[in-house]
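First comes the structure, then the notes that go with it.
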Amino acid sequence: MSGASRKTWLDHWLLRAAIPIAIGAVAMGCWELLVHVKEIPEYILPAPSVIGKTLVAEWDSLSAVWLVTLQTMFASLGLAVVGGVLLAMLFSVSRLLEISLFPHAVVLQVTPLIAIAPLIMVWLGDYPFLVLLLCAFIVSFFPILSNTVVGLKSADHNLGDLMRLYRASPWQRLRFLLVPTALPYFLAGLKIAANLALVGAVVGEFVVGPGGDKTGLASTILESSFRLDIAKMFAALALISATGIAAYLATHALSQLLLGAWHESAVRRDA
Amino acid sequence: MPTPETVADSRETAVEMVGVEKRFANGTLALQSLNLGIDRGSFNCFVGPSGCGKSTALRIIAGLTSVTSGEVHWSGSAIRNGQHEVGFVFQEPTLMPWRRVRDNVRLPLQLRGVSRADSKDAVDEALELVGLADFARAYPRELSGGMKMRVSIARALVTKPDILLMDEPFAALDEMTRFKLNDDLLRLWQERRWTVVFVTHSVYESVYLANRVVVMAPRPGRVVDLVQVDAPHPRDDSFRRSSEYADCCSRVSRSLAESMPEGIK
Numbered sequence: 002m003s004g005a006s007r008k009t010w011l012d013h014w015l016l017r018a019a020i021p022i023a024i025g026a027v028a029m030g031c032w033e034l035l036v037h038v039k040e041i042p043e044y045i046l047p048a049p050s051v052i053g054k055t056l057v058a059e060w061d062s063l064s065a066v067w068l069v070t071l072q073t074m075f076a077s078l079g080l081a082v083v084g085g086v087l088l089a090m091l092f093s094v095s096r097l098l099e100i101s102l103f104p105h106a107v108v109l110q111v112t113p114l115i116a117i118a119p120l121i122m123v124w125l126g127d128y129p130f131l132v133l134l135l136c137a138f139i140v141s142f143f144p145i146l147s148n149t150v151v152g153l154k155s156a157d158h159n160l161g162d163l164m165r166l167y168r169a170s171p172w173q174r175l176r177f178l179l180v181p182t183a184l185p186y187f188l189a190g191l192k193i194a195a196n197l198a199l200v201g202a203v204v205g206e207f208v209v210g211p212g213g214d215k216t217g218l219a220s221t222i223l224e225s226s227f228r229l230d231i232a233k234m235f236a237a238l239a240l241i242s243a244t245g246i247a248a249y250l251a252t253h254a255l256s257q258l259l260l261g262a263w264h265e266s267a268v269r270r271d272a
Numbered sequence: 022m023p024t025p026e027t028v029a030d031s032r033e034t035a036v037e038m039v040g041v042e043k044r045f046a047n048g049t050l051a052l053q054s055l056n057l058g059i060d061r062g063s064f065n066c067f068v069g070p071s072g073c074g075k076s077t078a079l080r081i082i083a084g085l086t087s088v089t090s091g092e093v094h095w096s097g098s099a100i101r102n103g104q105h106e107v108g109f110v111f112q113e114p115t116l117m118p119w120r121r122v123r124d125n126v127r128l129p130l131q132l133r134g135v136s137r138a139d140s141k142d143a144v145d146e147a148l149e150l151v152g153l154a155d156f157a158r159a160y161p162r163e164l165s166g167g168m169k170m171r172v173s174i175a176r177a178l179v180t181k182p183d184i185l186l187m188d189e190p191f192a193a194l195d196e197m198t199r200f201k202l203n204d205d206l207l208r209l210w211q212e213r214r215w216t217v218v219f220v221t222h223s224v225y226e227s228v229y230l231a232n233r234v235v236v237m238a239p240r241p242g243r244v245v246d247l248v249q250v251d252a253p254h255p256r257d258d259s260f261r262r263s264s265e266y267a268d269c270c271s272r273v274s275r276s277l278a279e280s281m282p283e284g285i286k
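Residue numbers (the numbering used here), protein chains in the order written: chain B, 2 to 272; chain G, 22 to 286.
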């Protein structure tokens with residue numbers, strides 16, 4: 002069957018990476034060509050080759066600010082994981098806690114971060130890193146909390162009965178039933194949260210502006226736009242994209258590692 | 022060594038339900054004054070339409086559901102942590118998809134704090150009993166429906182319970198697989214002499230398996246007939262063609278039909 006054979010060669014991982022990369026390369030080639038043929042000035046649209054050169058030439062300053070963005074992202078994601086999972090566990094123990102606190106978590110989530118950020122700046126302006134951390138935490142916290150809450154509630158009720166039949170302690174119930182049940186939900190939340198942490202960190206940097214002593218990639222973008230250094234702007238943008246892609250791939254790999262053997266979302270099936 | 026029949030004949034009661042009544046929070050009377058003794062070593066089938074309280078009765082024996090009034094008396098069975106040693110098999114295999122077959126079977130022992138090394142022999146033996154020794158390292162998703170059910174039975178047996186409670190365990194399986202599992206279950210029961218309470222909605226399955234069929238009716242849930250099936254074990258396909266089998270089946274069917282509320286008959 003041609004359908005079956007097509008499926009096998011399309012499923013090869015090397016090809017699955019190569020095809021999108023090739024399409025990206027073609028698009029960059031067209032971009033490069035367009036800039037040269039139309040003689041578009043560098044302060045409107047720099048060619049990819051110019052952006053690449055800028056990335057290398059400005060690496061020292063770019064990598065330093067990139068590190069700041071990464072720090073914010075990882076610190077806030079770590080806080081979101083710890084906070085989200087702990088709160089979800091508390092909710093699963095106490096219904097009262099859940100109905101009193103969950104709506105407030107929702108309010109925090111549905112209010113656009115960009116609208117709250119200036120307020121955070123007013124309150125915590127003296128501590129720019131705290132502003133960044135809080136911005137990134139607010140957006141990345143919720144998907145972890147809500148997914149873990151659903152996951153902890155999704156345990157098979159017959160397995161719950163089995164736990165009662167054998168007199169499992171609350172700790173055993175959590176460890177042997179609730180945590181494994183919630184794991185796929187948590188990992189789906191983590192995938193979203195990792196990228197939202199990056200978004201939150203960048204939004205926070207825009208609000209704090211280039212003034213602080215430690216500034217991230219967004220400050221570089223702002224600064225470069227003031228100076229019409231569009232090539233450096235693109236270079237910073239490329240680093241943000243690369244970070245997002247890396248975060249996605251890393252969380253995807255973690256899911257495969259933890260769920261690959263048993264969960265429907267990660268199991269490879271024969272055609 | 023006494024055979025199951027002689028044990029059953031000696032009429033030693035393993036569990037007795039006295040005036041057991043269960044009313045659910047929504048007002049439904051699931052069980053109305055149930056008086057029933059379960060003889061040690063006997064194979065009992067509860068048969069009846071949905072809503073007759075057969076599963077509720079089973080869950081009450083297991084301690085998973087409380088009674089509204091009445092009592093459950095036990096005699097001479099091992100007690101652990103204030104709980105009687107029972108094995109329970111659900112209608113679905115109810116396995117943990119993230120655990121390999123042998124770790125699913127090991128779960129009841131693990132919950133009691135038995136180490137992996139100390140539980141190895143019991144797990145191997147239980148898997149051997151249900152014929153799945155070669156699949157110890159498989160994940161549940163790699164098994165067929167019948168094999169998953171066998172794992173579920175092995176898990177119920179791993180603690181060596183003296184009473185085995187089964188809640189429509191083979192209802193979701195195809196007929197060929199069900200027949201095979203029925204025969205395997207009877208063979209195990211003859212070897213091990215547990216007390217079995219088996220819930221089913223199939224008249225034919227109940228008569229094939231049981232020493233005694235407990236016929237139940239709904240609204241309110243109650244026992245309407247007790248049918249003794251005296252055919253000796255081991256039973257095989259020839260029993261299905263015997264006149265005794267046909268007689269028992271027709272008596273159970275008649276009791277079920279007569280007990281149906283007007284308008285449903």
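Glycine included, C-beta positions come from ideal geometry on N, C-alpha and C.
Against chain G, the CB of F187/B has no partner CB under 9 Å away; the residue lies outside that interface. Here E189/G is buried, its C-beta having at least 16 other C-beta atoms within 10 Å.
Secondary structure of H37/B (DSSP, three-state): helix.
Taking C-beta separations shorter than 8 Å and ignoring five residues to either side along the sequence, the partners of K201/G in its chain run G167, following chain order.
Taking all protein chains in view, the Cβ of A198/B is crowded by 16 or more other Cβ atoms within 10 Å, so the residue is classified as buried. Between N232/G and D251/G, the CB-CB gap stays under 9 Å. Residues G166 and G167 of the same chain have their beta carbon placed closer than 6 Å to that of L194/G, with the five preceding and five following residues left out of the count. Here M197/G is exposed. Its C-beta has fewer than 16 other C-beta atoms within 10 Å. Within the stretch 146-171 of chain B, D157, N159, L160, D162, L163, R165, L166, Y167, R168 and A169 place their CB atoms closer than 7 Å to a CB of chain G, listed in sequence order.
For a Cβ distance threshold of 8 Å, residue set L166 of chain B lies close to A83/G, ordered along the chain. Interface flag for T198/G against chain B is unset, since no Cβ pair is found closer than 9 Å. A straight line joining the alpha-carbon of S87/G with that of T180/G spans about 23 Å. Nearest neighbour of E106/G by Cα position, chosen from I121/B, R168/B and L146/B, turns out to be R168/B.
The C-alpha of G134/G is placed about 24 Å away from the C-alpha of R171/G. Not a single C-beta of chain G is nearer than 9 Å to the C-beta of A26/B. Between L184/B and chain G, the shortest Cβ-Cβ separation is below 9 Å. When rounded, the separation of the alpha-carbon atoms in V217/G and F92/B is 40 Å. Between F109/G and L166/B a beta carbon distance of about 5 Å is seen, short of the 8 Å cut, so the two are scored as contacting.
Interface flag for A267/B against chain G is unset, since no Cβ pair is found closer than 9 Å. For W263/B, the closest of N148/B, Y44/B and T182/B by C-alpha to C-alpha distance is T182/B. The C-alpha of N159/B lies about 17 Å from the C-alpha of L185/G. In chain order, M117, P118, W119 and R120 make up the part of chain G whose C-beta sits under 9 Å from the C-beta of P181/B. At a cut-off of 9 Å between beta carbons, F177/B contacts chain G. When the beta-carbon positions are compared, V51/B and A232/B come within less than 9 Å of each other.
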